[in-house]
Amino acid sequence: MTDADLIARVLAREDHHAFAELVRRYQSPVRAFLARMARGDTHLADDLAQETFLKAWRKLHTYRGTAQFSTWLFGIAFNEFRSAARQRKELTVDDVDELPAEATQPAAGSGNDLRLDLTEALKRLSSNERAVVVLCCQNGLSHEEAAKALDCPLGTVKTNVLRGKEKLKRWLQGYQHYESA
Amino acid sequence: MLREQSTYINDDGFTQRVIAALPRRRRTWLRPALLLGSAAIGWVLAVLWLPWRNLPAVDLSALLSLNPQVLTPWALVLTVAASLVWAMVAAIQWDD
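From first to last, the protein sequence lines are chains C and D.
At position 41 of the first sequence the residue is numbered 41 (this note's numbering), and the sequence of numbers has no breaks.
At position 65 of the second sequence the residue is numbered 1065 (this note's numbering), and the sequence of numbers has no breaks.
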């Protein structure tokens, strides 16, 4: 059954089974995205993901089907993250632009080290940069889709992707084969 | 590398928790059931209370003469019956 069929069933009959299927399909990317956004705090990410799906249930009638359902969900998820961050007053301290020099020069090591350092480096990006890098580079959204999801201009998305990638590249330059990231 | 890191996160009861937190389902059957019940009661009352024996006999000449004394009571009966049929059909076809 396609997403559109399931959505139609939810809208027509408030079908919990159909909505459960939608949640099952998209829980993994939404939770992973929010875990990245919450800098690895999986409990916070799961709370936000639950709120995301509850909000999706309430607002499903506003989904027009012009974007993919996952794009629409990422948009809600990002708004949930932003609201939570605002409540926790994290946005003001979120934009860490530069790392201390020693932290930016990891010793060249195994792939596992690179993975760990990439995870750490992602945490250092500003929330807007992290969101677009994760959406575009990890989840495969186009710049247009990311702009739609995050409700920001296309130019801003492109700038943030570029800036985010450059920072990651700079911070992880000690690794060989970084380019493949 | 980022793509490689996007491993599948097991559900582990997440979907169940979301579904349990959804608002309770509206009772979509209630309105059509009320409509159907009201229509059924209407039928019973119509059968019991309408003055069937006092209704004027209908024949072709009376119909053609458009005599209001003949047509008015029958028009009322037909209107009541039609509205009850419409209510029942609407209740059966109810799509919330």
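Note that CB positions come from ideal geometry on N, CA and C, so glycine has one too.
* Asked: Quick one: which chain D residues come within Cβ less than 9 Å of L125 (chain C)?
  -> Result: empty, since nearest Cβ-Cβ is about 12 Å, beyond 9 Å.
* Asked: Nearest to S70 (chain C) by CA position, among C:L162, C:D15, C:A149, C:Q173, is which residue?
  -> For the options C:L162, C:D15, C:A149, C:Q173, the alpha carbon positioned closest to that of S70 (chain C) is the one of C:A149.
* Sub-8 Å separation of A1075 (chain D) and A1039 (chain D) beta-carbons -> no
* **Alpha-carbon to alpha-carbon, R1053 (chain D) and A1062 (chain D)** => Roughly 18 Å between the two C-alpha positions.
* To do: Indicate the three-state DSSP secondary structure (helix, strand or coil) for K89 (chain C) in the structure shown.
  => coil
* Contact list for D46 (chain C) against chain D, beta-carbon separation under 9 Å -> F1014, R1017
* Asked: Helix, strand or coil: which one does DSSP assign to Q183 (chain C)?
  -> Look at the range of chain C in this structure, 1 to 181, and you will see that residue 183 (chain C) is not part of it.
* Asked: Hey, is the region 146-163 of chain C in contact with the region 62-82 of chain C, meaning 3+ C-beta pairs nearer than 8 Å?
  -> yes
* Asked: Just reading off the alpha helix (DSSP H) that D3 (chain C) is part of, what are its end residues?
  -> 3-13
* Compare the C-alpha of L44 (chain C) against each of C:N139, C:A85, C:G164 and name the closest. => C:A85
* Residue span of the alpha helix (DSSP H) that contains G40 (chain C), given as start and end -> That residue, G40 (chain C), is in no alpha helix (DSSP H); it is neither H nor E in DSSP.
* To do: Please confirm if the region 1011-1022 of chain D is in contact with the region 23-33 of chain C, defined as three or more CB-CB distances below 8 Å between the two stretches.
  => yes
* **Coil, strand or helix - I1009 (chain D) by DSSP** => coil
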